[in-house]
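To start, the structure itself, in structure tokens.
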Amino acid sequence: MAADGAPADWDTSAAALDAADPLAGCRALFDLPEGVVYLDGNSLGPLPKAVKARMASAVQTEWGEGLIRSWNSAGWVDLPAKVGGRIGRLIGAADGTVVAADSTSVNLFKLLSAALALRPGRKKIISERANFPTDLYMAQGLAGLLDRGHELVLVDDAEALPAALDGDAAVLMLTHVNYRTGAMLDMAGLTAKAHAAGALTLWDLAHSAGAVPVDLAAAKADFAVGCGYKFLNGGPGAPAFLYVAPEHQDSFSQPLSGWFGHEAPFAFGPDYRPAAGIARYLCGTPPVLSLAALDEALALWDGVDMAELRAKSIALGDFFIAAVEALCPDQGLELVSPREGGRRGSQVSFSRPGGAYAIMQCLIAHGVIGDFRSPDILRFGITPLYTGFADALAAARCLAGILESGEWDAPAFHARAKVT
Ligand SMILES: *Cc1c(COP(=O)(O)O)cnc(C)c1O
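Quick note: the sequence shown uses our numbering, first residue 2, plus one each step.
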């Protein structure tokens, strides 16, 4: 890579890295608008081309012509398990341990209920203050509903997690890759420590599934949840997923005891009897059209080697960091993601006190789409399936340009929208 940051050298480096990229061909699988560098696939994955045809046939043929017959004839009723199986292959989970359903928040509620029920004498839910807020909110809501004195214990530094695992710890509830910084936790190590303390683990894989290699079975994780619309490209509001280790599946029936988790939903009996296995973690009628989109989006992973994906993700992140630091010196940007690629998920974040929101809006106006996270973070998703090194360089150059010109400080870029 060009050490001096001279413009031509950066272009040469990017071109050489792109030419040697084994995943370069995957970009053609996505519909990406011209003139856009998309660095927000960690928040909403782009549209896989194959999803368009699948949606058309799901709507016109399956719904329009098949009507209610399609629950059986088009396999609608099996989609939660089928999609779960596809996701399972990306996260080291055997068939029959993952289903696609509901939202990440709702799934977290179901699984946290299970974890707490399996540790009846213990009162503490251990997590990080920096965890994604919905995880903390759902834990607070559940603790309030249970009204049995459960306490959410939040540590300020991940290093303090092992010490927080005392004899009253029921569950260690963590997000594997931090949404703000991209810092990745040691899933196997922390799970082993939790188990040694007699606690269970619940991992949120929202920024891990499709982003980094995950092996839930090898890590001996007890429970996990995650999103379908981020790195899995399932579309806005795509169904989420949940994982329950085989040994826990039948030991508890979750409280959102809807008919799709019933042993015999079409017997229409008055009493809830949970289905055997992972199916009891379903609740109501599955969102068929959204599941069809996610199912098709997941099919493209069949040809992807996760080791290659990870290698490119790290290289692309390293390249972007180097380019931003070389091209935007003295602009108040500070790397908040781990510099060491092995400790980083698939995103790069910089803090920029004063102006981060407006800087991101200005970047977006120039076609470089990342996002802003409160209070002062510029977040860039590194998604190796459709992002190349030349894209990363273009984004760094654009950032350098608007910082130098001060264009970002125009009043229009400071106006806050509802979704950031
Ligand atoms: C995006 C995200 C969620 C979102 O949850 P929803 O219920 O789908 O809105 C949850 N957890 C983490 C860590 C996330 O990054």
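Just so you know, even glycine gets a beta-carbon here, dropped at the ideal spot from N, CA and C.
This structure is a prediction, so every number in the text was calculated from the model and none was measured.
Element boundaries [beta strand (DSSP E), containing residue i]
i	result
Phe110	Run containing Phe110: none in the beta strand (DSSP E); it sits in the alpha helix (DSSP H), 105 to 119.
Phe242	241 to 245
Gly86	Element bounds for Gly86: not the beta strand (DSSP E) but the alpha helix (DSSP H), 80 to 91.
Thr98	Unbroken run through Thr98: none, as it is neither H nor E.
Ile1	A query on residue 1 cannot be resolved here, the shown segment of the chain reaching from 2 to 421 and no further.
Asp372	372 to 374
Boundaries of the alpha helix (DSSP H) in which residue i is found, first to last residue
i	result
Gln141	134 to 147
Asp319	307 to 328
Ala225	Counting along the chain, Ala225 falls outside any alpha helix (DSSP H), though it belongs to the beta strand (DSSP E) covering 224 to 227.
Leu68	From DSSP, Leu68 is part of no alpha helix (DSSP H); its letter is neither H nor E.
Phe390	390 to 406
Pro287	Taken as a continuous stretch (DSSP letters only), Pro287 belongs to no alpha helix (DSSP H), as it is neither H nor E.
Thr13	8 to 20
Leu24	Leu24 -> no alpha helix (DSSP H), and no H or E assigned at all.
Leu206	Premise fails: Leu206 is in no alpha helix (DSSP H) and is neither H nor E.
Ala165	162 to 165
Leu257	Taken as a continuous stretch (DSSP letters only), Leu257 belongs to no alpha helix (DSSP H), as it is neither H nor E.
Leu217	217 to 220
Counterpart residues of residue i in DSSP-defined beta bridges
i	result
Met185	Val178
Ser128	Leu155
Pro275	His263
Arg345	Ala184
Ala170	Lys125
Leu201	Val172
Leu336	Phe351
Phe31	Pro49
Tyr39	Ile370
Cβ separation of residue i and residue j, assumed to be a contact under 8 Å, to the nearest whole Å
i	j	result
Lys194	Leu155	Incorrect: roughly 17 Å between the Cβ atoms, too far for contact.
Leu292	Val52	Not a contact, Cβ separation roughly 12 Å.
Glu309	Pro23	5 Å
Ile370	Gly97	With 8 Å as the limit, Ile370 and Gly97 do not qualify as a contact, their Cβ atoms being about 38 Å apart.
Leu233	Ala102	Going by Cβ atoms, the distance from Leu233 to Ala102 rounds to 14 Å, so no, they are not a contact pair.
Ile92	Val215	4 Å
Ala397	Leu328	5 Å
Leu257	Lys111	6 Å
Ala159	His151	The pair is not a contact, with the Cβ atoms about 22 Å apart (cut-off 8 Å).
Ala95	Ala218	6 Å
Leu175	Asn132	7 Å
Ala391	Ala16	7 Å
Ser128	Leu153	7 Å
Leu213	Arg311	Leu is not the amino acid found at residue 213; the sequence shown has Val there. Indeed they touch by this definition, with Cβ atoms about 6 Å apart.
Ala171	Arg123	4 Å
Leu386	Cys27	4 Å
Pro275	Glu264	6 Å
Tyr282	Val100	6 Å
Min CB distance residue i to chain B below 9 Å
i	result
Met139	As a matter of chain content, chain B is missing from the structure shown, which is built from one protein chain.
Item to check | At least 3 beta-carbon pairs within less than 8 Å: the segment 297 to 304 vs the segment 326 to 343 | outcome: Taking 8 Å as the limit for Cβ pairs, the verdict is that the segment 326 to 343 does not touch the segment 297 to 304.
Checklist entry - Should the segment 197 to 209 be regarded as contacting the segment 220 to 233, the criterion being three or more beta carbon pairs within less than 8 Å? => result yes
Checklist entry - Touching or not, the segment 182 to 193 and the segment 342 to 350, by the rule of three or more beta carbon pairs under 8 Å? => result yes
Checklist entry - Counting pairs of Cβ atoms below 8 Å between the segment 317 to 331 and the segment 277 to 290, do you hit three or more? => result Fewer than three beta-carbon pairs drawn from the segment 317 to 331 and the segment 277 to 290 are found closer than 8 Å, and the two stretches are therefore not classed as touching.
Next on the checklist: As a quick check of your reading: which residues have a C-beta less than 6 Å from at least one non-hydrogen atom of ligand 1, in chain order?
Outcome noted: Ser104, Thr105, Ser106, Phe133, Thr135, Asp136, Thr176, Tyr180, Asp205, Ala207, His208, Cys228, Ala241
Next on the checklist: If contact is defined by three or more beta carbon pairs under 8 Å, each pair taking one atom from either stretch, is the segment 132 to 151 in contact with the segment 107 to 115?
Outcome noted: Inter-segment contact for the segment 107 to 115 and the segment 132 to 151 is present: three or more beta-carbon pairs are separated by less than 8 Å.
Next on the checklist: So, does the segment 361 to 376 touch the segment 35 to 50, judging by three or more C-beta pairs under 8 Å?
Outcome noted: yes
Checklist entry - On the three-pair Cβ rule with 8 Å, is the segment 115 to 131 touching the segment 248 to 256? => result yes
Next on the checklist: Below 8 Å, how does it come out for the segment 376 to 387 and the segment 348 to 358: are there three or more Cβ pairs, yes or no?
Outcome noted: The segment 348 to 358 and the segment 376 to 387 touch, with three or more beta-carbon pairs separated by less than 8 Å.
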